[in-house]
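With this note's numbering as the guide, the letters of the sequence shown map in order to residues 3 to 325.
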Amino acid sequence: MTRILAYRFSAFGDVAMTVPVFREFLEQNPEVEIVMVSRSNFESLFSDIQNVMFKGVDLDDYKGFFGLRRLANELQQEYKPDFVANLHDVIRTKVLDKIYKRRGLKVFKINKGKEEKERLTDVWNLNKKQLKQTVERYADVFREMGFKIELSHRLRPLTQEKSGIGFAPFAQHQGKMMPLEKSFELVKILSQKHKIYFFGGGPGETETLKSWEEQIPNTESLAGKLSLSEELKKISALELMISMDSANMHLASVVGTRCISIWGSTDPLAGFLGFGQSKDDVVQVSELTCRPCSVFGDKECFRGDWACLEELRVTKIIEKIEK
Numbered sequence: 003m004t005r006i007l008a009y010r011f012s013a014f015g016d017v018a019m020t021v022p023v024f025r026e027f028l029e030q031n032p033e034v035e036i037v038m039v040s041r042s043n044f045e046s047l048f049s050d051i052q053n054v055m056f057k058g059v060d061l062d063d064y065k066g067f068f069g070l071r072r073l074a075n076e077l078q079q080e081y082k083p084d085f086v087a088n089l090h091d092v093i094r095t096k097v098l099d100k101i102y103k104r105r106g107l108k109v110f111k112i113n114k115g116k117e118e119k120e121r122l123t124d125v126w127n128l129n130k131k132q133l134k135q136t137v138e139r140y141a142d143v144f145r146e147m148g149f150k151i152e153l154s155h156r157l158r159p160l161t162q163e164k165s166g167i168g169f170a171p172f173a174q175h176q177g178k179m180m181p182l183e184k185s186f187e188l189v190k191i192l193s194q195k196h197k198i199y200f201f202g203g204g205p206g207e208t209e210t211l212k213s214w215e216e217q218i219p220n221t222e223s224l225a226g227k228l229s230l231s232e233e234l235k236k237i238s239a240l241e242l243m244i245s246m247d248s249a250n251m252h253l254a255s256v257v258g259t260r261c262i263s264i265w266g267s268t269d270p271l272a273g274f275l276g277f278g279q280s281k282d283d284v285v286q287v288s289e290l291t292c293r294p295c296s297v298f299g300d301k302e303c304f305r306g307d308w309a310c311l312e313e314l315r316v317t318k319i320i321e322k323i324e325k
């Protein structure tokens with residue numbers, strides 16, 4: 003059995019994107035097992051994949067070079083890997099790479115395509131092109147090791163009995179988030195025909211969604227009530243998920259649920275559309291030549307008016323649901 007030590011510590015959505023890649027890679031290479039090293043609270047994402055061992059770590063326990071060397075020692079002694087896959091490529095993982103290379107281990111890392119992403123998000127660049135999907139970038143790491151993997155880019159529903167619509171109106175950055183008054187309006191319309199379940203996290207989001215539940219009939223807020231494994235189970239049983247360009251889109255992909263995704267300053271061109279999700283289910287103001295202006299949605303608006311979000315039409319989302 004060949005053993006690969008893989009690490010990706012954050013962000014939540016990016017870690018979730020490794021799940022369908024691992025699943026299909028291991029089905030096509032049953033003689034391989036992966037040790038996934040990540041934050042402990044992500045463990046449930048990988049629980050149903052055979053030949054994945056999850057190692058949760060608290061990075062506060064491994065600060066600085068000496069802390070990372072201790073982590074490298076522990077991982078090598080416990081798992082004795084044949085290959086190392088750096089699926090993150092940040093300073094912390096670069097240090098781990100160097101330590102393992104010095105010990106003679108074969109280390110392979112993701113090519114994030116940083117320069118092409120910078121070109122894509124240049125507001126003066128009018129020739130925007132589709133970049134490689136992030137899931138393919140993950141798969142490339144295993145291909146460079148000499149393994150074969152062909153990604154299906156298809157959703158795998160966990161159940162055929164589906165009902166209700168999930169809605170996750172929040173995102174980490176303003177550039178990814180539809181104005182809340184538009185989200186509220188959308189829910190008011192949809193709840194006339196569908197049961198709507200709200201997803202979110204953190205005290206502020208939970209409070210907002212509880213207030214929406216009280217104001218809009220036929221809605222239920224699940225924010226702050228479910229563990230990650232319970233949340234995945236609920237999303238798997240939904241007819242449909244509506245999400246910003248955020249982790250919830252990728253959670254829908256993990257459990258094979260169709261997702262209508264809403265994009266502001268970011269764009270699927272950067273390669274972050276959820277695995278198996280359809281481009282037909284993307285909602286964006288595509289006629290704005292300044293977008294995408296950001297890969298992660300964390301930049302201030304170049305124009306100052308957030309037109310990419312303010313000009314989003316709620317009817318466009320409803321049309322995609324009713325089609």
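C-beta: ideal position from N, C-alpha, C; glycine also.
By DSSP's criteria, residue i is part of a beta bridge. Which residues make up the other side?
| i | result |
| --- | --- |
| residue 310 | Note: residue 310 sits in no beta bridge, so no partner. |
| residue 58 | 40 |
| residue 264 | 246 and 285 |
| residue 111 | 88 |
| residue 35 | 5 |
Can you tell me which of the three DSSP states residue i falls into?
| i | result |
| --- | --- |
| residue 86 | strand |
| residue 237 | helix |
| residue 274 | coil |
| residue 291 | coil |
| residue 169 | strand |
| residue 297 | coil |
| residue 74 | helix |
| residue 208 | helix |
| residue 14 | helix |
| residue 5 | strand |
| residue 285 | strand |
| residue 328 | With the chain running from 3 to 325 in the structure shown, residue 328 is simply not present. |
| residue 223 | strand |
| residue 214 | helix |
| residue 154 | coil |
| residue 99 | helix |
| residue 255 | helix |
| residue 318 | helix |
| residue 23 | helix |
| residue 193 | coil |
| residue 143 | helix |
| residue 50 | coil |
| residue 105 | coil |
| residue 135 | coil |
| residue 29 | helix |
| residue 81 | helix |
| residue 63 | helix |
| residue 68 | helix |
| residue 148 | coil |
| residue 305 | coil |
| residue 185 | helix |
| residue 2 | Not covered by the structure: residue 2. The range shown for the chain is 3 to 325. |
| residue 231 | helix |
| residue 325 | coil |
| residue 160 | coil |
Measure how close the beta-carbons of residue i and residue j come, nearest whole angstrom, since I'm counting them as under 8 Å.
| i | j | result |
| --- | --- | --- |
| residue 13 | residue 36 | No, residue 13 and residue 36 are not in contact; Cβ-Cβ is about 20 Å, not under 8 Å. |
| residue 256 | residue 28 | Not quite, the Cβ-Cβ distance comes to about 15 Å (not below 8 Å), so this is no contact. |
| residue 225 | residue 237 | Actually they do not touch by this definition, with Cβ atoms about 13 Å apart. |
| residue 111 | residue 84 | Not quite, the Cβ-Cβ distance comes to about 16 Å (not below 8 Å), so this is no contact. |
| residue 177 | residue 245 | That pair is no contact at about 15 Å. |
| residue 273 | residue 136 | 5 Å |
| residue 11 | residue 38 | So it is not a contact: roughly 11 Å between Cβ atoms. |
| residue 1 | residue 184 | The requested residue 1 does not occur in the structure, where the chain is confined to residues 3 to 325. |
| residue 30 | residue 150 | 6 Å |
| residue 159 | residue 193 | No, residue 159 and residue 193 are not in contact; Cβ-Cβ is about 24 Å, not under 8 Å. |
| residue 175 | residue 300 | 5 Å |
| residue 323 | residue 271 | That pair is no contact at about 24 Å. |
| residue 58 | residue 40 | 7 Å |
| residue 316 | residue 188 | 5 Å |
| residue 108 | residue 86 | 7 Å |
Quick check: does the Cβ of residue i come within less than 7 Å of any heavy atom belonging to the ligand SAM?
| i | result |
| --- | --- |
| residue 201 | With respect to the ligand SAM, the structure shown offers nothing to examine, as it has no ligands at all. |
How about residue i: is its C-beta nearer than 8 Å to some C-beta of chain C?
| i | result |
| --- | --- |
| residue 82 | Chain labels in this structure do not include chain C; a single protein chain is all it has. |
Three or more C-beta pairs closer than 8 Å, one from the region 11-23 and one from the region 71-82: is that the case here?
-> Remark: fewer than three beta-carbon pairs, one from each stretch, lie closer than 8 Å, so the region 11-23 and the region 71-82 are not flagged as touching.
Sufficient close CB pairs (3 or more, under 8 Å) joining the region 288-295 to the region 135-147 = Output reads no: the region 135-147 does not touch the region 288-295.
Counting Cβ pairs, one atom from each stretch, are 3 or more of them under 8 Å apart for the region 191-208 and the region 159-175?
-> Contact between the region 191-208 and the region 159-175 is present, with at least three C-beta pairs closer than 8 Å.
Does the region 293-306 touch the region 277-285, meaning 3 or more C-beta pairs lie closer than 8 Å?
-> The answer is no - the region 293-306 does not touch the region 277-285, with fewer than three Cβ pairs under 8 Å.
Would you say the region 37-56 touches the region 120-131, given that touching needs at least three Cβ pairs under 8 Å?
-> no
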